[in-house]
Amino acid sequence: MTAAATSARPRHLLDFQDWSPERLTAILDNADTMLQVLDRPVKKVPALQGLTICTAFFENSTRTRTSFELAARRMSADVMTFAAGASSVSKGESLRDTIEVLTQYKVDAYIVRHHASGAAHLVHQYSGKPVINAGDGRRAHPTQALLDAYTVRQEYGSLEGKTVAILGDVRHSRVARSNAELLPKLGAKVILCGPATLLPADLGALPGVTLTTDPVQAVRGAHAVMALRLQQERMTGGYLGSLQEYADTYQVNEALMGHAESGAIVLHPGPMNRDVEISAEAADGPRSRILKQVENGQAIRMSVLYHLLVGRD
Amino acid sequence: MTAAATSARPRHLLDFQDWSPERLTAILDNADTMLQVLDRPVKKVPALQGLTICTAFFENSTRTRTSFELAARRMSADVMTFAAGASSVSKGESLRDTIEVLTQYKVDAYIVRHHASGAAHLVHQYSGKPVINAGDGRRAHPTQALLDAYTVRQEYGSLEGKTVAILGDVRHSRVARSNAELLPKLGAKVILCGPATLLPADLGALPGVTLTTDPVQAVRGAHAVMALRLQQERMTGGYLGSLQEYADTYQVNEALMGHAESGAIVLHPGPMNRDVEISAEAADGPRSRILKQVENGQAIRMSVLYHLLVGRD
Amino acid sequence: MTAAATSARPRHLLDFQDWSPERLTAILDNADTMLQVLDRPVKKVPALQGLTICTAFFENSTRTRTSFELAARRMSADVMTFAAGASSVSKGESLRDTIEVLTQYKVDAYIVRHHASGAAHLVHQYSGKPVINAGDGRRAHPTQALLDAYTVRQEYGSLEGKTVAILGDVRHSRVARSNAELLPKLGAKVILCGPATLLPADLGALPGVTLTTDPVQAVRGAHAVMALRLQQERMTGGYLGSLQEYADTYQVNEALMGHAESGAIVLHPGPMNRDVEISAEAADGPRSRILKQVENGQAIRMSVLYHLLVGRD
């Protein structure tokens, strides 16, 4: 019997498939409380005291791992860092064996990043423990989408009737995919925009999601404009001509933002390639909420941990 | 004056030479309590609050290190991870200098893994602090043997009159050596089995230990059968013909287990090479206590830390 | 507005420029209390509970990082280890972006090591948070100088009228530079000694500092003699002839110490090249305070953290 089976609601955050708008809103509401904790001199609550959270990162990401580990420690949990590179996994141990061993160590929850889509789901299946997906392949990065949603809500009070444009390499972006799943559940519209080679048709079939290759059309009426990080290695895959060509058309900059709503904000999941997918001016200007996103990430991750591990229905 | 000199009993666990059956039994008994702690929602006791435990691993082993660090944190100790690869040791600093520096940081105990036999003993000598040997060369890995003993005792209530067969590369195995030293002290018999090239004669001289090259003879009457991990690199040393040849004769599988006692259990120190030294069926079947061993490892390591750092005679 | 601006005194320790002798003496006095804490069975005080200290090491130094992290944990702070090598920095993220992101995680203070002189100052500027410089380029390593000063004071009761000779590669040593800035503020004289190619003239212009290429003249009348670590890579820069030639003239050994004050002590910032810049005999003999320096480093780092984060004027 898995942990999921013991509860009316899923004790994991793999993607947003099984998540109702009510539960999602509860996460965002609770993040308000967590932000207040982060504003206090002593930024710590005892909510997860005595629990052990394992960050199992099979793909390196210091920034995301650090953000989760800090969030867990601020809830007073013990953190166990499992760096796959340094472990038996590199000796050929299977994901299943690794997770079964970690579970015998009495880990209370997992935060998983993996290059393969679906890996977080497998960890949940093998362990029967709450799992937070911190990015699996191109599929999902749900806490990033939650912090994006939270940042937009913070600006406008609600996501209802708001439009979020997301520009860049949509095809390879778990951030874009998770936002496309999440935002419409909270009442927002999503416009995904990029070169035709980087726009997967299946996402256009989601409710509330529109695809376009035209950046001006994408940002027209948008309340928030997100630039996706351009992975340099995509250049070699034949998806793009040149960085310059890409930047000329799809860069989020002041000129493009002139077509958006007057108070529209600029988002980026980081780390940025300044003057490639986003101009330095837009990144550092008054519309930018990029550092706010990072701050909100702490609050959202604390809120998700609380919701999965101690919250009640 | 070393810590050892301040106490009637040794404040270290290097091997089992100076350990009486009574003290060993106390460790196993106390592990029962620790297992209960691990079953509670809050898996933490304040026993080592304010103490700093240093894991000094001069040989990489994420699994063993993690297990010790979790055990220490669950006793409320602070953990200092000293990864030799990233340190002054790689600049040519001697073991002595390294340990003397760490000791000046006021470390309260060391958990040491090193490729050289006797290294843990040197750390104890240089530091005067309690030391747990987490594997030194081919010599000893005492907490692994304790968790093996504990797992057998858990099954049968006692080790008195039980037989444990250990199959594989006995020569290069500190696990085999530590079990050969420990189990007879607790009243069990040990049969060590492997190809003649991998069976060191000196172990056969230990009380309660028998050597054989015949796996069927080894497991006959055994209450527990342990497969040792086959280090692939041994193949090049001329010790073995081929993996297949090895597996054909010495693999722990259902066929071989048919010769053991009817309720005999299967053990493995992990990580496993499935279908080499152990069949997948035996590893995952009802006789397997391999995941139980991992769980018991937490309890045993907590018990050893308690015994060395706060226990009284 | 930066943290520095909110307080009458700087909330950072970058170098000793703005530090009065009174504040420096307060740090040393408080280290006495910290040493007492380190002598207790429970080596922990709650002073920094709920605060998060980030060690941002852009240059590897396990020893220094470990010393700071232990000090922070003994003050009950949470520690966030930011290892630059494993992070976005290696993907080309700028120092500014990195620090701005970390600051959004609500880090309360930074401990920074960086290969570029002035980096710690930039971290303070970008974050507005208290920063301790743990070594930036050739410029400064203030906590090392403080622990050196503390070790001399421990021996003689005061630094007033004492002479400290520092021998070796002065040019490339942030330790030498920081001591040259600190010790005269506390009433001591500093003699810097090394081959002419390794003696930067600007240091000789500091009050209380003298340069010489003659080791006997350097140690004459000295109450403490410090050997600097000889970086092997300097050999290729044309600064030195051979290791042997260097050792013949500048090695701190019993013969050279015969010219110092009768009770003079031997210091080294570690790790040592025994029988290069210091003889094994001098390193391990009765004059050596090298292990004492390591112990004092814990106390000094705890004292600096306390002073910057909770102390009052």
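Residue numbers (the working numbering), protein chains in the order written: chain B, 131 to 443; chain C, 131 to 443; chain D, 131 to 443.
No residue lacks a Cβ here, since even glycine has one placed at the ideal position from N, Cα and C.
The model shown is predicted, which means the values in this text are computed figures rather than measured ones.
Alpha helix (DSSP H) runs wholly inside the segment 346-432 of chain D, at least 4 long, in chain order: Note on the segment 346-432 of chain D: whole alpha helix (DSSP H) runs with a minimum of 4 residues are 373-380, 384-387, 410-414, in chain order.
Chain D within 7 angstroms of Lys259/C, Cβ atoms only: Working through the second sequence from its first residue, we reach residue 259/C at position 129. So, not an interface residue.
Near-chain E residues of the segment 411-429 of chain C - C-beta to any C-beta below 7 angstroms: Among the protein chains of the structure shown, namely B, C and D, there is no chain E.
Assigned secondary structure, Met205/D (DSSP; H/G/I helix, E/B strand, else coil): Working through the third sequence from its first residue, we reach residue 205/D at position 75. The answer is coil: DSSP assigns Met205/D none of H, G, I, E or B.
Rounded straight-line distance, which links the Cα of Leu158/D to that of Asp266/C: Here residue 266/C corresponds to residue number 136 of the second sequence, with the count starting at 1. Here residue 158/D corresponds to residue number 28 of the third sequence, with the count starting at 1. C-alpha separation (whole angstroms): 41 angstroms.
Touch test, the segment 178-190 of chain B against the segment 240-249 of chain B, Cβ-Cβ under 8 angstroms, three pairs minimum: In this structure the segment 178-190 of chain B lies against the segment 240-249 of chain B, because at least three pairs of beta carbons, one per stretch, are closer than 8 angstroms.
Neighbourhood of Ala413/C by C-beta, 8 angstroms cutoff - its chain only, sequence neighbours within 5 removed: By one-based count along the second sequence, residue 413/C stands at place 283. For Ala413/C, same chain residues with a beta-carbon under 8 angstroms away, outside a window of 5 residues either side, are Val396, His398, Met402, Arg404, Ile420 in chain order.
Cβ-based burial, Asp169/B [other Cβ within 10 Å; buried from 16]: Taking the first sequence and counting its residues from 1, the one referred to as residue 169/B is at position 39. By the 10 Å Cβ count, Asp169/B comes out exposed.
C-beta neighbour in chain D for Glu407/C, strict 7 angstroms: For this step, residue 407/C is matched to residue 277 along the second sequence. No, Glu407/C lies away from the interface with chain D (no Cβ there is under 7 angstroms from its Cβ).
Residue-level contact to chain D via CB, Gly441/C, 7 angstroms cutoff: In the second sequence, counting from the first residue as 1, residue 441/C sits at position 311. So, not an interface residue.
Buried versus exposed call for Gln112/B [16 or more other C-beta atoms within 10 Å across all chains shown]: Residue 112/B lies beyond the stretch modelled for chain B, which goes from 131 to 443, so this question has no answer here.
6 angstroms CB neighbourhood of Glu425/C in its chain, flanking five on each side removed: Along the second sequence, one-based indexing puts residue 425/C at 295. Once the five neighbours on either side are set aside, Glu425/C has no close Cβ partner at all.
Sheet register partners of Pro270/B (DSSP bridge): Mapped onto the first sequence, residue 270/B falls at position 140. Correcting the residue identity first, residue 270/B is Ala in this sequence and not Pro. The partner list for Ala270/B (beta bridge, DSSP) reads Asp266/B.
Contact list for the segment 230-255 of chain B against chain C, Cβ threshold 7 angstroms: Of all residues in the segment 230-255 of chain B, the ones placed with a Cβ closer than 7 angstroms to any Cβ belonging to chain C are Glu230, Val231, Gln234, Tyr235, Lys236, in chain order.
Beta-carbon neighbours of Phe212/B, restricted to chain C and to distances below 9 angstroms: If you number the first sequence from 1, residue 212/B lands on position 82. Under the 9 angstroms cutoff, chain C gives Thr192, Thr196.
Element boundaries [beta strand (DSSP E), containing Leu336/B]: Working through the first sequence from its first residue, we reach residue 336/B at position 206. If you look at Leu336/B, you'll find it isn't in any beta strand (DSSP E); DSSP assigns it neither H nor E.
Touching by the beta-carbon criterion (3+ pairs, under 8 angstroms), the segment 268-283 of chain B and the segment 295-315 of chain B: With the rule of 3 Cβ pairs closer than 8 angstroms, the segment 268-283 of chain B counts as touching the segment 295-315 of chain B.
For Val237/C, the three-state DSSP class (helix, strand or coil): Stepping through the second sequence from its first residue, residue 237/C is reached at position 107. In the structure shown, Val237/C adopts coil according to DSSP, grouped into three states.
Bounding residues of the beta strand (DSSP E) (the contiguous stretch that carries Ala326/D): Your numbering for residue 326/D matches position 196 in the third sequence. Here Ala326/D belongs to no beta strand (DSSP E), and DSSP marks it neither H nor E.
Rounded distance between the beta-carbons of Asn263/C and Asp148/C, thought under 8 angstroms: What you label residue 148/C is simply residue 18 of the second sequence in a count that begins at 1. What you label residue 263/C is simply residue 133 of the second sequence in a count that begins at 1. The pair is not a contact, with the Cβ atoms about 13 angstroms apart (cut-off 8 angstroms).
Val320/C versus Asp299/C: straight-line alpha-carbon distance, rounded: For the purposes of this step, residue 320/C is taken as residue 190 along the second sequence, with counting starting at 1. For the purposes of this step, residue 299/C is taken as residue 169 along the second sequence, with counting starting at 1. Looking at the two C-alpha atoms, the distance is approximately 15 angstroms.
Of the listed residues Gly317/C, Asn160/C, Thr343/C, nearest to Thr327/C (C-alpha basis): The residue given as residue 327/C occupies position 197 in the second sequence. Minimum Cα distance to Thr327/C is reached at Thr343/C.
8 angstroms Cβ shell around Ala331/B - same chain, five flanking residues per side excluded: As a working mapping, residue 331/B is identified with position 201 in the first sequence. When the five nearest sequence neighbours on each side are left out, the beta carbons in the same chain lying within less than 8 angstroms of the beta carbon of Ala331/B are those of Leu341, in order along the chain.
Nearest-angstrom Cα separation, counted from Ile430/C out to Tyr280/C: Walking along the second sequence from the start, residue 280/C turns up at place 150. Walking along the second sequence from the start, residue 430/C turns up at place 300. Near 8 angstroms, if we compare the C-alpha coordinates of Ile430/C and Tyr280/C.
Positions along the segment 168-182 of chain B whose CB lies within less than 9 angstroms of some CB in chain D: Listed by position, the residues of the segment 168-182 of chain B near chain D (Cβ gap below 9 angstroms) are Leu168, Asp169, Arg170, Pro171, Val172, Lys173, Lys174.
Neighbour flag for Asp208/C against chain D, beta carbons, 7 angstroms: Taking the second sequence and counting its residues from 1, the one referred to as residue 208/C is at position 78. In terms of beta-carbon proximity, Asp208/C lines the interface with chain D, with at least one pair separated by less than 7 angstroms.
Chain D contact for Leu200/B (CB, 7 angstroms cutoff): In the first sequence, residue 200/B corresponds to position 70, counting from 1. Interface residue, yes.
Other residues of its chain near Glu411/D: CB distance less than 6 angstroms, five sequence neighbours each side excluded: The residue given as residue 411/D occupies position 281 in the third sequence. Cβ contact annotation for Glu411/D (same chain, cutoff 6 angstroms, sequence separation greater than five): Glu384, in chain order.
Interface residues of chain D facing Arg153/B [CB-CB closer than 7 angstroms]: Within the first sequence, residue 153/B is the residue found at index 23, counting from 1. Chain D residues near Arg153/B: none, gap ~26 angstroms exceeds 7 angstroms.
Host alpha helix (DSSP H) of Leu168/B (start-end): As a position in the first sequence, residue 168/B is number 38, starting the count at 1. Note, Leu168/B: alpha helix (DSSP H), 151-169.
Neighbour flag for Arg203/B against chain D, beta carbons, 7 angstroms: For the purposes of this step, residue 203/B is taken as residue 73 along the first sequence, with counting starting at 1. With respect to chain D, the C-beta atom of Arg203/B has a partner C-beta closer than 7 angstroms.
With 16 other Cβ atoms within 10 Å as the buried cut-off, status of Glu290/B: For the purposes of this step, residue 290/B is taken as the residue at position 160 of the first sequence. Note on Glu290/B: under 16 other CB atoms within 10 angstroms of its CB, so exposed under the neighbour-count rule.
Nearest candidate by alpha-carbon position, reference Gln234/B, set Asp378/C, Ala354/C, Leu165/C: Counting from 1 along the first sequence, the entry for residue 234/B is found at position 104. For Gln234/B, the closest alpha carbon among the candidates Asp378/C, Ala354/C, Leu165/C is that of Leu165/C.
Own chain partners of Arg226/D with C-beta closer than 6 angstroms, once the 5 adjacent residues on each side are dropped: Here the question's residue 226/D lines up with position 96 in the third sequence. When the five nearest sequence neighbours on each side are left out, the beta carbons in the same chain lying within less than 6 angstroms of the beta carbon of Arg226/D are those of Tyr256, in order along the chain.
Proximity of Val294/C and Ala270/C at Cβ, strictly below 7 angstroms: Residue numbering aside, residue 294/C sits at position 164 when the second sequence is read from its first letter. Residue numbering aside, residue 270/C sits at position 140 when the second sequence is read from its first letter. It is not a contact, given that the beta carbons lie outside the stated cut-off.
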